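> Here it is, the structure, as structure tokens.
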Amino acid sequence: MKIRLLIADDHPIFRRGLRDVIEAERDLEIVAEESDGAAALETITRLHPDLVVLDIDMPKRGGLEVVRALGKADALPPVIFLTMYDDEELFDEALDLGVMGYVLKESATREIVEAIRTVAGGKPYISGQMSRALLSRSGRTIPFPGGKDLDQLSDAERRVLRLIAQGKTSKAIADELHLSPKTIDNHRTNIASKLNLRGTHALLKYALRHQRELSD
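Per our numbering, numbering through the sequence shown is continuous, rising by one, with the last residue being 1582.
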């Protein structure tokens, strides 16, 4: 089955470039394009696409505002944000709102197809350049307020956190480690408690920022 997409970006030349790349793939179908956030919100609500690619900075309503409105209406499809900036605060807010993908515009034509398929499969996708920027900032000890040191984690907990950073679900982690999903959920709870992490995506954000340390 094809993945039905809506694209919203206020730059027609950039939008055309994305469309050309996406439409070259047989399993991807663009059902609508919009040039501002207000129109995007209306069309998403009307057409219910499988996935939405949104510019984070658009006229009338920005990407964050569109996602907030869809979330309040309980009508939020998987979302990939496009942005010119590797802004950490915007990235944090996007994750908190449930955004699954974050792609820098300068690499969008190279990464957009992989990002779409990854997010459509239920996994997060962070632009490679964005990941490197986050990792360079996380070379220090604490990634955000409340974070504590990784040394508090057991080897099993570190393995679980490493797989969380790869976007794997509890079931996928359980299958890989030959454990039950309940055991993985217990590990997740213990990790969050030890690191003093709170919030829906706090574990994922922490794991992404500590990928380098977790892979050592």
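Each residue gets a CB set at the ideal place from its N, CA and C atoms; glycine is no exception. Computed from a predicted structure; not experimentally measured.
What's the gap between the Cα of Ala1584 and the Cα of Glu1472?
Nothing in the structure corresponds to residue 1584, since the chain is present only between 1367 and 1582.
> Quick check: does the Cβ of Leu1519 come within less than 7 Å of any heavy atom belonging to the ligand SAM?
Absent from the structure shown: the ligand SAM. Ligands present: none.
> Determine the burial state of Met1450: buried for a count of at least 16 other Cβ atoms within 10 Å of its Cβ, exposed for fewer.
Here residue 1450 refers to the residue found at position 84 when the sequence shown is read from its first residue. Counting Cβ neighbours within 10 Å, Met1450 comes out exposed, since fewer than 16 surround it.
> Need the endpoints of the alpha helix (DSSP H) that Arg1427 sits in, please.
Residue numbering aside, residue 1427 sits at position 61 when the sequence shown is read from its first letter. No alpha helix (DSSP H) contains Arg1427, which DSSP labels as neither H nor E.
> Locate the beta strand (DSSP E) running through Leu1545, then write down its first and last residues.
Translated into positions along the sequence shown, residue 1545 becomes position 179. Run containing Leu1545: none; DSSP gives neither H nor E here.
> Between Leu1436 and Leu1442, is the Cβ-Cβ spacing less than 8 Å?
Numbered from 1 along the sequence shown, position 70 holds the residue referred to as residue 1436. Numbered from 1 along the sequence shown, position 76 holds the residue referred to as residue 1442. Yes. Within cutoff.
> Relative to the C-alpha of Asp1393, which residue among Ile1369, Ala1404, Asp1375, Leu1561 is closest?
Translated into the one-based positions of the sequence shown, residue 1393 becomes position 27. Ranking the options by Cα distance to Asp1393, first place goes to Ile1369.
> Rounding to the nearest angstrom, what Cα-Cα distance links Leu1527 and Thr1555 in this structure?
Working through the sequence shown from its first residue, we reach residue 1527 at position 161. Working through the sequence shown from its first residue, we reach residue 1555 at position 189. Rounded to the nearest angstrom, the two C-alpha atoms are 11 Å apart.
> Per DSSP, Phe1457 is paired with what?
For the purposes of this step, residue 1457 is taken as the residue at position 91 of the sequence shown. Paired residue(s): none; Phe1457 is not in a bridge.
> Residues bridged to Ala1374 by DSSP?
For the purposes of this step, residue 1374 is identified with residue 8 of the sequence shown, where counting begins at 1. BP columns for Ala1374 point to Glu1400, Leu1420.
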